[in-house]
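A.B. asks:
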Amino acid sequence: MGEGRILGIAYAVIPVADIQRSAAWFIKHFGFNLRHERQGYASLFRGNRPILDLIETDHGTRAVFEAHGRKRWVITFFTDDIVSLHAYLLSEGVKVGNIADEGKYGKFFVLEDPDGNLFDVWEHHDCELVF
């Protein structure tokens, strides 16, 4: 293949009902920093790396879909300490599922933001994630 290649995913776009409320929620719970805010749009970064773009929508559209009768997420975050993160989010009243230990595939839990967007959180120490 030539020079032009996909090197990874730059960021994900999430529909929200209220930019300020959603940005504040992600900043509080995940330590993201806000960049490039304008009418109906905000970029959330971790340091200098873009993570999420929040787009305000007046439709009921959310980052979730159904497969085999179950709601599923479109984004998986990763962590190096899933137990501590899970306990913190629970203490903050965030809607989180139980931690599932899937052995060689790692540990996971699902969480929901205030708009009903679903996210998966993953801990796996044998997978290289380069930034």
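Going letter by letter, the sequence shown gives residues 117 to 247 in my numbering. Note that CB positions come from ideal geometry on N, CA and C, so glycine has one too. Here the structure is a predicted model, which is why all the values come from computation and not from measurement.
Quick one: grab the DSSP three-state call for His-202.
C.D. replies: Within the sequence shown, residue 202 is the residue found at index 86, counting from 1. In this structure, His-202 counts as helix in the three-state DSSP scheme.
A.B. asks: Taking C-alpha atoms, which residue in Arg-165, Tyr-204, Val-237 and His-184 lies nearest to Tyr-221?
C.D. replies: For the purposes of this step, residue 221 is taken as residue 105 along the sequence shown, with counting starting at 1. Among Arg-165, Tyr-204, Val-237 and His-184, the Cα nearest to that of Tyr-221 belongs to Val-237.
A.B. asks: Out of Ile-122, His-184, Lys-144 and Ala-139, state which residue places its alpha-carbon closest to the alpha-carbon of Glu-153.
C.D. replies: Taking the first residue of the sequence shown as position 1, residue 153 is located at position 37. For the residues Ile-122, His-184, Lys-144 and Ala-139, the minimum Cα distance to Glu-153 belongs to Ala-139.
A.B. asks: If you run the structure through DSSP and keep just helix, strand and coil, what is Ile-191?
C.D. replies: Position 75 of the sequence shown, counting from 1, holds the residue named residue 191. The answer is coil: DSSP assigns Ile-191 none of H, G, I, E or B.
A.B. asks: In the DSSP assignment, what are the bridge partners of Arg-186?
C.D. replies: In the sequence shown, the residue the question calls residue 186 occupies position 70. Arg-186 is bridged to Ala-183.
A.B. asks: In three-state terms, what does DSSP make of His-145?
C.D. replies: In the sequence shown, residue 145 corresponds to position 29, counting from 1. His-145: helix per DSSP, three-state reduction.
A.B. asks: Output the distance between the C-alpha atoms of Phe-248 and Thr-173, rounded to the nearest integer angstrom.
C.D. replies: The shown model of the chain, from 117 to 247, leaves out residue 248, and the question about it has no answer.
A.B. asks: Starting from the Cα of Ile-143, find the closest Cα among Val-212, Arg-121 and Leu-205 and give me that residue.
C.D. replies: Translated into positions along the sequence shown, residue 143 becomes position 27. With distances taken between Cα atoms, Ile-143 lies closest to Leu-205.
A.B. asks: Classify Ile-130: buried if its beta carbon has 16 or more other beta carbons within 10 angstroms, exposed otherwise.
C.D. replies: In the sequence shown, residue 130 corresponds to position 14, counting from 1. Result: buried.
A.B. asks: Find out if the Cβ-Cβ distance for the pair Glu-239, Thr-192 is shorter than 7 Å.
C.D. replies: Here residue 239 refers to the residue found at position 123 when the sequence shown is read from its first residue. Here residue 192 refers to the residue found at position 76 when the sequence shown is read from its first residue. Cβ distance not < 7 Å, so Glu-239 and Thr-192 don't count as in contact.
A.B. asks: With a 10 Å radius around its C-beta and 16 neighbouring C-beta atoms as the bar for buried, classify Asp-229 as buried or exposed.
C.D. replies: The residue given as residue 229 occupies position 113 in the sequence shown. That one is buried.
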